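Numbered according to our numbering, the sequence shown spans residues 1416 to 1548.
Beta carbons: idealized from backbone N, C-alpha and C, even for Gly.
On a predicted model such as this, the values are computed, not experimentally measured, just so you know.
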Amino acid sequence: MKKVGVKAVLISGRTLQQGRTSELGKLSEDYLSSVAVCEMDANTMEVLGIHEGDAVRLETLLGDVVVRSKLDQNARPGVVFMPWGPHANTILGSETHGCGMPSYKGVPVILFPAPDTSVRTIDDLLHLSEGGI
């Protein structure tokens, strides 16, 4: 299978669905479904050869993570969105450059289809992080 990557700019932030599902518990399936996603435009999905709900791997200079793809009809080509949470945190840095807030917007990313890869649970991500929980 040909490895096709698409360069994009990653924007992250909070969503209403994320807020609603966090009330059910951050280890719940509903919360996982709300934060382990990457929203993108139809053209990006077409170039990657994926459909909504398919696994997609995002790579930054700090690491990579697999999440589910989500179509956003209003997304601009070359810009993707991820809700803040454990999955986004694995590829976003903690460096604040003296301002007190990490860079959660405008992060260069490369997207790849990940057909044979599952999305890690939040519990799995926590145990993979340095020191675990």
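| Check | Outcome |
| --- | --- |
| Residue 1530, DSSP secondary structure in three states | coil |
| Buried or exposed by the 16-neighbour rule on C-beta atoms within 10 Å, applied to residue 1468 | exposed |
| Residue 1480 in three-state terms, based on DSSP | strand |
| Endpoints, the beta strand (DSSP E) within which residue 1442 is located | Residue 1442 -> no beta strand (DSSP E), and no H or E assigned at all. |
| Counted within 10 angstroms of its Cβ, other Cβ atoms place residue 1547 as buried (16 or more) or exposed | Unreliable placement is indicated for residue 1547, whose pLDDT of 49 sits below 50; no coordinate value is reported for it. |
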